[in-house]
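Below is one structure, written out as structure tokens; comments come after it.
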Amino acid sequence: KAGRKAWEAFVPVYNAIVLLKIINRPWWWIILLFLPVVNLIMFPVIWVETARSFGRNSNTDTLLCVISLGLYIYYINYALDVQHIKDRDLHPKSALGDWVSSILFAVVAATIVHTYFIQPFTIPSSSLEKSLLVGDFLFVSKVNYGARVPMTTVAFPMVHDTIPGLKKKSYLFDDHKDSKSWKNKLELPYMRIPGFESIERNDIVVFNQPADTLLDMNNFQPDRNYYKPIDKKTNLVKRCVGLPGDSLEVRDGYVFINGKQNVLPDRAKVQFSYALYLKGNISNFEDLLRILKRYDITDVSYTNPPIVQATEEAIEAAKNHPNVDHFELLHDTRGNWDSRTFPHDPNYAWNFDNFGPLYIPKEGTTVHLNLDVLPLYKRVIEE
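Residue numbers (the numbering used here): 1398 to 1780.
Pasting the structure below:
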């Protein structure tokens, strides 16, 4: 009824171009139809625009297009006496339509920017304290290293793995281990748009936690492991100290790369864990926080004794306070195995203060595997 040939509907991509001509919309909309997540918004828009191209402009027609997943268009085409309106007015004919169109445009634009260009983050933890503080709000560029194309094709726009308020998954995926669900077959392969910059040592980067199996990053004892798609794993903000081809080691709390101690930027400060022993009268934890904040000590655990993360300079200054008896450095010795430390194998007696050396594989190099080395690379191979 739009004056086009039937065969045009069966040619991939070309049929989308023809449809955009029928609904009198710009050709570049076809790009939006192939962008994951964005296309979930655009398809209902196309359905509604198609119905309106044949004079079906009511709110009922709009609703039927959406809830029928576009199948209402077949009813319009084959059961109703309608004519194609070639030069129709593209402006919404009601305040509601104008309002909905504005919201959809804003969501599409924001999703594109959020997914492919720049994304806001809030620092959740103190691991980069003194460079980035807990609660700091920052914008992270995705174009420098190259934006990753979303792998999860059916997801709520502009949120990560959870819908705010509802505390429900924001994506369609079966997160049981080795699931063969049809939902998981909708996942796209890993693809990245080329960037113009490579990661350098000591860069602060945002990435998805490779080993994340938590439903909630604040609950470390879930009812089971949740195996999320890569792009829905927990976002971490960390400093990159080891690059492909490097040998990474921690000696007495200091990072060594290829046998040499890593030199941090001027703004970065190394912090260590200390137990704080008090004297005198400190009435509550808030008073303690106020005292420590004078010495730029802001990461304090409410334990007995309190555990603080601080630089050596801050400890030297704070130990002279009249309510401070002394600080005790919490340090693990070489050869003492901590089961919380990768690779969680007693044959590797590593801990937070003495770790490695661990070779970081580089593309094109060969890692000789045997039963002794396998625990280091098993998960990389499996996933």
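Think of the CB as a built atom: it goes at the ideal place given N, C-alpha and C, for glycine as much as any other residue.
**OP:** Assign residue 1458 to one of three DSSP states: helix, strand, or coil.
**Re:** helix
Original post:
Roughly how many angstroms lie between the CA atoms of residue 1609 and residue 1558, to the nearest whole one?
Top reply: 12 Å
Original post:
Do you know offhand how far residue 1596's Cα is from residue 1542's?
Top reply: 7 Å
Original post:
Of the residues 1642, 1550 and 1630, which one's Cα is nearest the Cα of residue 1760?
Top reply: 1642
Subject >> For residue 1709, three-class secondary structure by DSSP >> reply: helix
Original post:
Hey, quick one: how far does the alpha helix (DSSP H) through residue 1441 stretch, first residue to last?
Top reply: 1435-1449
Original post:
Does the Cβ of residue 1791 have 16 or more other Cβ atoms within 10 Å, making it buried, or fewer, making it exposed?
Top reply: Nothing about residue 1791 can be read from this structure; the chain reaches only from 1398 to 1780.
Subject >> Identity of the residue in 1734, 1574, 1526 and 1713 nearest residue 1724 by Cα >> reply: 1713
Original post:
Where does residue 1694 land, buried or exposed, given buried means 16+ other C-beta within 10 angstroms?
Top reply: buried
**OP:** Compute the Euclidean distance between the alpha carbons of residue 1775 and residue 1742, then round it to the nearest angstrom.
**Re:** 12 Å
**OP:** Taking residue 1606 and residue 1640 to be in contact with their CB atoms under 8 Å, please state how far apart those CB atoms are, rounded to whole angstroms.
**Re:** Not quite, the Cβ-Cβ distance comes to about 19 Å (not below 8 Å), so this is no contact.
Original post:
Taking only runs of the beta strand (DSSP E) that begin and end inside the region 1567-1641, which ones reach a length of at least 3 residues, in chain order?
Top reply: 1601-1605 and 1632-1636
**OP:** Can you tell me which of 1604, 1625, 1603 and 1602 puts its alpha carbon nearest to the alpha carbon of residue 1613?
**Re:** 1625
Original post:
Sorted by chain position, which residues of the same chain lie with C-beta nearer than 7 Å to residue 1718's C-beta, five sequence neighbours on each side aside?
Top reply: 1688
Subject >> Range of the contiguous beta strand (DSSP E) that encloses residue 1683 >> reply: Residue 1683 -> not in any beta strand (DSSP E); alpha helix (DSSP H) instead, spanning 1682-1690.
Subject >> Beta-carbon spacing of residue 1706, residue 1696 below 8 Å >> reply: yes
Original post:
When the Cα atoms are used, what is the spatial distance from residue 1749 to residue 1651?
Top reply: 10 Å
Original post:
In the structure shown, what three-state DSSP assignment does residue 1405 receive?
Top reply: helix
Original post:
When you compare only the Cα positions, how much space is there between residue 1754 and residue 1647?
Top reply: 8 Å
**OP:** Return yes when the Cβ of residue 1561 is within less than 8 Å of the Cβ of residue 1512, no when it is not.
**Re:** no
Original post:
Anyone know if the C-beta pair for residue 1412 and residue 1406 falls short of 8 Å?
Top reply: yes
Subject >> residue 1725 - partner residues in DSSP beta bridges >> reply: 1672
Subject >> Close-in-space but distant-in-sequence residues of the same chain around residue 1426 (CB under 6 Å, 5 per side omitted) >> reply: 1417
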